[in-house]
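Note sheet for the following structure.
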Amino acid sequence: MSRRLFAGDSSGMVFESGWVPERALPVGAVKSALPPIPPAMQSQRSRNNQLLLAAALQIEDDIRQAIARYGAGRIGVIVGTSTSGIDEASESMASWLRDKTFPDDYDYRQQELGAPANFLAGWLQLSGPAYVISTACTS
1 MSRRLFAGDS SGMVFESGWV PERALPVGAV KSALPPIPPA MQSQRSRNNQ LLLAAALQIE
61 DDIRQAIARY GAGRIGVIVG TSTSGIDEAS ESMASWLRDK TFPDDYDYRQ QELGAPANFL
121 AGWLQLSGPA YVISTACTS
């Protein structure tokens, strides 16, 4: 992806308004349907985790082979993100300000920085280290 962007190929990008006043900016936007979060993991439901799950599903066979070879305790999860359920947190805060109640499906853990790594480790049933590197909106 970076090679294409640095070569001037922005075919994977779309221009969207609303991020900066009076400007449309190129963003990488996923508009297609995302896989659902498994029922047993609904407390970790966020668009961020759905994006992560969509990516993980593409390499799941390789991940499962590594788990079989090395064991669940010797596989770690390290991901970078600038958001961790921020959209769900924003919607929940708006609900609180409007109605003084949080939505029934809101869980603070959705927006914690470590949420994506914890979600992926849980989905894969890994017991190795799980870390998130904050990219602070650089992504």
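First residue of the sequence shown? That's 1 in UniProt numbering, and the numbers climb one at a time after it. Even glycine gets a Cβ: it sits at the ideal position worked out from N, Cα and C.
- By the CB criterion at 9 Å, residue 80 and residue 127 fall outside the cutoff.
- Contact between residue 115 and residue 44 holds, with the beta-carbon distance rounding to 7 Å and staying under 8 Å.
- For residue 116, the enclosing alpha helix (DSSP H) starts and ends at 115-124.
- Taking a 10 Å sphere around the C-beta of residue 40, we find fewer than 16 other C-beta atoms and assign the residue as exposed.
- Ranked by how close their Cα comes to the Cα of residue 14, the residues 47, 108, 35, 25 have 25 in first place.
- Across the structure, residue 99 and residue 51 are spaced so that their CA atoms are roughly 30 Å apart.
- According to the DSSP assignment, residue 25 belongs to the beta strand (DSSP E) that extends over 23-27.
- Taking 4 residues as the minimum length, the alpha helix (DSSP H) runs contained wholly in the stretch 34-117 are 47-58, 60-70, 86-99, in order along the chain.
- Within a 10 Å sphere around the beta-carbon of residue 27 sit fewer than 16 other beta-carbons, which makes this residue exposed.
- Spatial neighbours of residue 92 in its own chain (CB-CB distance under 7 Å, excluding positions within 5 residues in sequence) are listed in chain order as 102, 103, 106.
- Taking a C-beta distance under 9 Å as the contact criterion, residue 111 and residue 78 do not qualify as a contact pair.
- By alpha-carbon distance to residue 75, the top candidate from 65, 9, 58, 90 is 65.
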